[in-house]
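Q:
There are 2 protein chains.
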Amino acid sequence: MAANSRLTIATHVLAWLALAQRRGQEVLTSDQVAASVNTNPVIIRRSLGDLRRAGLVEVRHGAGAGWSLARSPEGITLLEVYDAVGAQPPFGLHHTEPNPECPVGRGIRPALSDVYSRVEQVMRQELAGTSIADVLRETLLK
Amino acid sequence: MAANSRLTIATHVLAWLALAQRRGQEVLTSDQVAASVNTNPVIIRRSLGDLRRAGLVEVRHGAGAGWSLARSPEGITLLEVYDAVGAQPPFGLHHTEPNPECPVGRGIRPALSDVYSRVEQVMRQELAGTSIADVLRETLLK
DNA sequence: CTCGCCGCAACAACTTCTGTTACAGCGTAC
DNA sequence: GTACGCTGTAACAGAAGTTGTTGCGGCGAG
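In order, the protein sequence lines correspond to chains A and W. Start counting the first sequence at 1; every next residue gets the next number (this note's numbering). Start counting the second sequence at 1001; every next residue gets the next number (this note's numbering).
1) Taking buried to mean at least 16 other C-beta atoms within 10 Å of its own C-beta, is A:THR8 buried or exposed?
2) For A:MET1, does the three-state DSSP call read helix, strand or coil?
3) Give a yes or no on whether the minimum CB-CB distance between W:PRO1041 and chain A is below 8 Å.
4) Identify the residues that DSSP records as bridge partners of W:VAL1028: which are they?
5) In this structure, does DSSP put W:GLU1138 in helix, strand or coil?
6) What residues of chain A sit near W:LEU1048, judged by a beta carbon separation below 9 Å?
7) For chain A, find out if any of its Cβ atoms is closer than 8 Å to the Cβ of W:VAL1135; answer yes or no.
8) Within 8 Å, do at least three Cβ pairs link the stretch 1125–1139 of chain W to the stretch 58–68 of chain A?
9) When the Cα of W:THR1029 is compared with those of W:ARG1053, W:ASP1134, W:GLU1058, W:ARG1006, which residue comes out closest?
10) Among A:GLU74, A:PRO90, A:ARG60, which has the Cα closest to the Cα of W:TYR1116?
11) Look up A:THR163 in the DSSP assignment and give the residues it is bridged to.
12) Can you tell me whether W:ASP1031 is buried or exposed, with buried defined as 16 or more other CB within 10 angstroms of its CB?
13) Compare the beta carbon distance of W:ALA1010 and W:ALA1133 with 8 Å and say whether it is the shorter of the two.
14) In chain order, what residues of the stretch 1015–1044 of chain W put their CB closer than 8 Å to some CB of chain A?
15) Specify whether the stretch 1035–1044 of chain W and the stretch 1083–1099 of chain W touch according to this definition: at least 3 beta carbon pairs, one from each stretch, less than 8 Å apart.
16) Using 10 angstroms around the beta-carbon of W:MET1001, count the other beta-carbons present and answer buried if the total reaches 16, otherwise exposed.
17) Within 8 Å (strictly less), CB to CB, does W:GLY1092 reach chain A?
18) Could you give the C-beta distance for W:VAL1081 and W:ARG1060, rounded to a whole number, given that I count them as a contact under 8 Å?
19) Measuring alpha carbon to alpha carbon, tell me which of W:VAL1037, W:PRO1110, W:ARG1106 ends up nearest A:ASN38.
20) Give me, in chain order, the residues of the same chain whose beta-carbon lies closer than 8 Å to that of W:HIS1012; leave out the 5 immediate sequence neighbours on both sides.
21) Does any residue of chain W have a CB that is nearer than 8 Å to the CB of A:GLY75?
22) What is the DSSP secondary structure of A:ARG60, counted as helix, strand or coil?
23) What number of angstroms, rounded off, separates the C-alpha of W:ALA1034 from the C-alpha of W:VAL1104?
24) For W:LEU1056, which residues in chain A fall below 9 Å Cβ to Cβ?
25) Rounded to whole angstroms, how far is the Cβ of A:ILE156 from the Cβ of A:PRO100, which I believe are closer than 8 Å?
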């Protein structure tokens, strides 16, 4: 499969909305966002749909429609974005159940679940330490 | 894509080899390992091939062939296994290059690379804190 | 030499993700 | 009230990765 870029796309969208807002542009259409990400507007609308369900962005319909941030960029962490886009965890267990006759096959799944939980926990902590405002600041420096 | 179970399979294999070794069984064939993981022997040989290239297991050819650990289970960390199986990092950047005309599109990739590097770093530290011996001990308790 | 097992290539089935087209629905502006 | 622009979503194709399977050449201990 292709690498999972959903968190990247969503973060890009939010950073772009934050910059537009700071520049006085109230709303952006999915076409305008798509022009920055360089992809199809439907991809952007899918991502924005995830973010809207998570309460991170707001949409205005009808004429003059478009998207805006629902909260300040300082208050939105990448962990919230990660949860909003529903990315799959980095590791999966066995596809088929291991042999329960084998002592390793019997206990390996809960044992690995514990390990993987700890890994995801530190990953989440790290993501929680970065906000959209942080990303935007770093982006404009590069 | 299906969830990535390569780290799970490889860890299962190593734990099983460690237990067999402790029980006095010198080598295991890929068929015997496959019986515990409950999958095809070729899957196991693929995984064992990765582990062999990383120097974690040894193979004996000819009659009485089979696999054994190259090092003690206490000294093999899940980080080494993770590197050995070459799992993909949890996050990917954009598939197509963002619009360089846009200030966000221009700088977002290096900015996100930094964030993702930090995330992978803490993930690796967590994986380095668990050994095959740890996993085997937890497995036998469950 | 024989036999058992490894190593590897080739292939099918399946899943996920991206990208695209199409169209109904909504609400503001006129 | 109507027209228009944009959203929301379904449907589909293409690409890529993973698992599982078959087949066969190669190696080496006995």
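Each residue gets a CB set at the ideal place from its N, CA and C atoms; glycine is no exception.
A: Let me lay it out:
1) Your numbering for residue 8 of chain A matches position 8 in the first sequence. So A:THR8 counts as buried.
2) Translated into the one-based positions of the first sequence, residue 1 of chain A becomes position 1. Note that A:MET1 scores 46 on pLDDT, short of 50, meaning its location in the model is unreliable and no value can be drawn from it.
3) Position 41 of the second sequence, counted from the first residue, corresponds to residue 1041 of chain W. No, no contact with chain A.
4) Locating residue 1028 of chain W in the second sequence gives position 28, counting from the first residue. The sequence shown places Leu at residue 1028 of chain W, rather than the Val named in the question. In DSSP, W:LEU1028 forms a bridge with W:TRP1067.
5) As a first step, residue 1138 of chain W is located in the second sequence; it is residue number 138 there, counting from the start. The answer is helix: DSSP assigns W:GLU1138 an H, G or I state.
6) One-based indexing of the second sequence puts residue 1048 of chain W at position 48. Under the 9 Å cutoff, chain A gives no residues; its nearest Cβ is about 15 Å from W:LEU1048.
7) Numbered from 1 along the second sequence, position 135 holds the residue referred to as residue 1135 of chain W. At least one chain A Cβ lies under 8 Å of W:VAL1135.
8) no
9) For the purposes of this step, residue 1029 of chain W is identified with residue 29 of the second sequence, where counting begins at 1. For W:THR1029, the nearest C-alpha among the options comes from W:GLU1058.
10) Residue 1116 of chain W sits at position 116 when you count from the first residue of the second sequence. Measuring from the Cα of W:TYR1116, the nearest candidate turns out to be A:PRO90.
11) No statement about residue 163 of chain A is possible, as the shown extent of chain A runs from 1 to 142 and does not include it.
12) Working through the second sequence from its first residue, we reach residue 1031 of chain W at position 31. Label assigned to W:ASP1031: exposed.
13) Mapped onto the second sequence, residue 1010 of chain W falls at position 10. Mapped onto the second sequence, residue 1133 of chain W falls at position 133. No, Cβ-Cβ distance for W:ALA1010 and W:ALA1133 is not below 8 Å.
14) ALA1015, TRP1016, LEU1019, ALA1035, SER1036, VAL1037, ASN1038, THR1039
15) no
16) Along the second sequence, read from residue 1 onward, the residue named residue 1001 of chain W stands at position 1. Its pLDDT being 46, under 50, W:MET1001 is placed unreliably by the model, and the measurement read from it follows with that caveat. That one is exposed.
17) Numbered from its first residue, the second sequence carries residue 1092 of chain W at position 92. So, interface residue.
18) In the second sequence, the residue the question calls residue 1081 of chain W occupies position 81. In the second sequence, the residue the question calls residue 1060 of chain W occupies position 60. Wrong, their Cβ atoms sit about 21 Å apart, outside the cutoff.
19) Position 38 of the first sequence, counted from the start, is the residue given in the question as residue 38 of chain A. The option with the nearest alpha carbon to A:ASN38 is W:ARG1106.
20) On the second sequence, residue 1012 of chain W is found 12 positions in, with the first residue counted as 1. Contacts found: SER1036, VAL1037.
21) Start at 1 with the first residue of the first sequence, and residue 75 of chain A comes out as number 75. No, no contact with chain W.
22) The count along the first sequence starts at 1 and reaches residue 60 of chain A at position 60. Note: A:ARG60 maps to strand in three-state DSSP.
23) If you number the second sequence from 1, residue 1034 of chain W lands on position 34. If you number the second sequence from 1, residue 1104 of chain W lands on position 104. Whole-angstrom Cα-Cα distance: 49 Å.
24) Here residue 1056 of chain W refers to the residue found at position 56 when the second sequence is read from its first residue. By Cβ distance, chain A contributes nothing, its closest Cβ being about 17 Å from W:LEU1056, past 9 Å.
25) A query on residue 156 of chain A cannot be resolved here, the shown segment of chain A reaching from 1 to 142 and no further.
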